[in-house]
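Asker: Numbering (full-length UniProt numbering), first residue to last: 1 to 272.
From the three backbone atoms N, C-alpha and C, an ideal C-beta is built for every residue, glycine too.
Predicted, not measured: the structure shown is a model, and the values here were computed from it.
(1) Look at residue 109 and residue 66 and say whether their C-beta atoms are less than 9 Å apart.
(2) Out of 203, 121, 103 and 64, which has the shortest C-alpha to C-alpha gap to residue 167?
(3) Quick check on DSSP: helix, strand or coil for residue 188?
(4) At the level of alpha carbons, what is the spacing between residue 46 and residue 83?
(5) Sort out for me which residues DSSP pairs residue 43 with in a bridge.
(6) Give the straight-line distance between the Cα atoms of residue 183 and residue 99, rounded to the nearest whole angstrom.
(7) Quick check on residue 198: does DSSP put it in helix, strand or coil?
(8) Indicate the three-state DSSP secondary structure (helix, strand or coil) for residue 1 in the structure shown.
(9) Could you please give the first and the last residue of the uninterrupted alpha helix (DSSP H) stretch that includes residue 245?
(10) With DSSP collapsed to three states, give me the class of residue 50.
(11) Would you list the one or two residues that DSSP bridges to residue 268?
(12) Count the other CB atoms, across all protein chains shown, that sit within 10 Å of the CB of residue 1; report buried if there are 16 or more and exposed otherwise.
(13) Output the distance between the C-alpha atoms of residue 181 and residue 77, rounded to the nearest integer angstrom.
(14) If we count the other Cβ atoms within 10 Å of its Cβ and call it buried at 16 or more, is residue 130 buried or exposed?
(15) Would you list the residues sitting across from residue 15 in a DSSP beta bridge?
(16) For residue 33, I'd like the list of residues in its chain whose CB is within less than 8 Å of its CB, leaving aside the five on either flank, ordered along the chain.
(17) Have a look at 85, 55 and 15 and flag the residue whose alpha-carbon is nearest the alpha-carbon of residue 265.
(18) Mind checking which residues open and close the beta strand (DSSP E) that includes residue 229?
(19) Taking the DSSP output, what are the residues bridged to residue 108?
(20) In whole angstroms, what separates the C-alpha of residue 173 from that of residue 118?
(21) Thinking C-beta only, is residue 199 closer than 9 Å to residue 158?
(22) Secondary structure at residue 38, three-state DSSP: helix, strand or coil?
(23) Looking only at DSSP bridge pairs, what is residue 119 linked to?
(24) Hey, out of 15, 51 and 71, whose CA is closest to residue 42's CA?
(25) Indicate whether residue 219 and residue 186 have their beta-carbon atoms separated by less than 9 Å.
(26) Measure the Cβ-Cβ separation of residue 202 and residue 208 and say whether it is below 9 Å.
(27) On a CA-only basis, which of 71, 63 and 58 is nearest residue 28? Give me that one, please.
(28) I need the DSSP call for residue 165, collapsed to helix, strand or coil.
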């Protein structure tokens, strides 16, 4: 079958605070689905604000690395397993992340915006008493703030993540409505030699679009963007490689002839 994506480069296991699935169960499911490879990208969100449900965002980084390396060896004949991280960016964390990336042998680093000026839009408090469009714009502005403070990631994660959680989700959201700021984000990413991801999480949130939406992906390509990874943002086995057939079709439609996989922080381009 053509247009097949066989690498899922954004997934979580119970090392992330918001997943309760063991790493081995995720690996077994990826093998069952016939994937060539996966990359775990556990959450590292230092200085995460207190949450309404008292979620503690901590990562046992050494335990994560040891478990992944052990399972990588165990399953090496069946699946390629890469060691990644999803950094929860905030401008004041730049030196912490800079030092971390010098010491850890990651294959792949996603930089994501989860916290906007002390709030995670995942929780309804962020939107309370405010215009949805103002909240969305503040989120996009915070991405630029993060990029100006720190740009050592390989790709910027789920650039319009916020529309998963807005009161109307993406009902009134379009690339055109926020084109000025989205173009600035894309140009900055490209100028710094970084990429973006096509995150199919938007499909399992019922948006009918990936994150970012296809119009943003098309614009990224028009502006000269070349590096694009694909991940389902799975926190459980049922979401691994979710709607990857749609992802492949979107990439092809937007002018991509390949997707990207990182190993030892270096991009490898895989034909669609």
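Answerer: Reading off the structure:
(1) no
(2) 121
(3) Helix, per DSSP.
(4) 19 Å
(5) In the DSSP output, where bridge partners are listed per residue, residue 43 has 86.
(6) 30 Å
(7) strand
(8) Per-residue confidence for residue 1 stands at a pLDDT of 38, beneath the threshold of 50, marking its modelled position as unreliable; the derived number appears in the next sentence. Coil, per DSSP.
(9) 244–253
(10) coil
(11) 261
(12) Unreliable placement is indicated for residue 1, whose pLDDT of 38 sits below 50; the coordinate value is still reported in the next sentence. The residue in question, residue 1, is exposed, as its Cβ has fewer than 16 Cβ neighbours within 10 Å.
(13) 45 Å
(14) exposed
(15) Paired residue(s): none; residue 15 is not in a bridge.
(16) 240 and 241
(17) 85
(18) 228–231
(19) 84
(20) 23 Å
(21) Against a cut-off of 9 Å, the Cβ pair of residue 199 and residue 158 comes out as a contact.
(22) strand
(23) For residue 119, which the question treats as bridged, DSSP gives the partners 116.
(24) 15
(25) yes
(26) yes
(27) 71
(28) Three-state result, residue 165: coil.
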